[in-house]
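All remarks here apply to the structure that follows.
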Amino acid sequence: MSDALRKALRSVISFLEGAGVDYMVIGGFALPFYGRIRTTIDLDVAVALRTPAEFEDFLRRMEAAGYEHTLGSFKDPECVFLDRETGLEIEFWTRPDGVELDAETFARRRRRRLGDVEAWVISPEDFVVNKLARPDRGVEDEKDVKSVLARLRDSLDEDYLERRAKNAGVWMILRAIDEVS
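Numbering-wise, our numbering puts 151 at position 157 of the sequence shown, and it's gapless, one number per residue.
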């Protein structure tokens, strides 16, 4: 992890926890905990912002903390900020693909060490569903899913994974990938 990325991660997590925002790291930063190691150059974070007022308050506080809002609104599933200090983009997802940001999802997230900071990370089951539900899902996403299934086969909550995959409309895709793994 580059120094700039480490600094941005530390800053974002500190901000979110200080602001009391329910969050979890998703995407490439979550992958090494459950599957293969793969380089990533951006930070994806799911945040629980349920109303336009919460979203606007979040925008104000992020900008006051030194981040520049570059893309997205409450109606969009994703909102992009630029860390003015490091120049890195951080993607905040209010509606990550296939993942319901409900109490059950947040209860299942895991506390993990990312570099020199502890943060909440998406559960492996929700990670799999999120990867498969992406409208732009590609070969790398499917490799990520296969690596999680191979590494955690005996410890995944199969009932939860099936229920969430069905809700997201990716159950048949998951079954097909699992059969060839």
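For each residue, glycine too, the CB sits at the ideal point set by N, CA and C.
In the stretch 40 to 89, which residue ranges form an unbroken alpha helix (DSSP H) of at least 4 residues, counting only runs that do not cross its ends?
The stretch 40 to 89 contains these whole alpha helix (DSSP H) runs: 46 to 58.
From Phe27 to Arg147, what distance separates their C-alpha atoms?
Looking at the two C-alpha atoms, the distance is approximately 14 Å.
Which of helix, strand or coil does DSSP assign to Arg106?
Arg106: strand per DSSP, three-state reduction.
State the Cα-Cα distance for the pair Val133 and Ile31, rounded to the nearest angstrom.
Going by the C-alpha atoms only, they are around 15 Å apart.
Glu119 by DSSP, collapsed to three states: which one?
Note: Glu119 maps to helix in three-state DSSP.
In three-state DSSP terms, what is Ala24?
Correct three-state label for Ala24: coil.
What do you reckon, are the CB atoms on Asp91 and Arg128 nearer than 8 Å?
Yes, the Cβ-Cβ distance between Asp91 and Arg128 is below 8 Å.
Once DSSP output is grouped into helix, strand and coil, what is the label at Val133?
Note: Val133 maps to helix in three-state DSSP.
Among residues of its own chain, excluding the 5 on either side of Lys1, which ones have a beta-carbon nearer than 6 Å to its beta-carbon?
The residues are Thr80.
Just grab the DSSP bridge partners of Asp172 for me.
Beta-bridge pairing links Asp172 to no other residue.
How long is the line joining the alpha carbons of Asp151 and Val164, rounded to whole angstroms?
Cα to Cα, the separation comes out at about 16 Å.
Just to confirm my understanding: we take Val122, look at its own chain, exclude 5 residues before and 5 after, and list those with CB closer than 6 Å. What are they?
Contacts found: Val139, Val142.
If you reduce the DSSP assignment to three classes, tell me which class Leu3 lands in.
Of the three classes helix, strand and coil, the one that applies to Leu3 here is helix, per DSSP.
Below 8 Å, how does it come out for the stretch 71 to 89 and the stretch 2 to 12: are there three or more Cβ pairs, yes or no?
The stretch 71 to 89 is in contact with the stretch 2 to 12.
Please report the straight-line C-alpha distance between Pro46 and Leu168, rounded to a whole angstrom.
Each residue's Cα considered, the two are about 34 Å apart.
CA-CA distance, Gly14 and Tyr61?
Approximately 17 Å between the Cα atoms of the pair.
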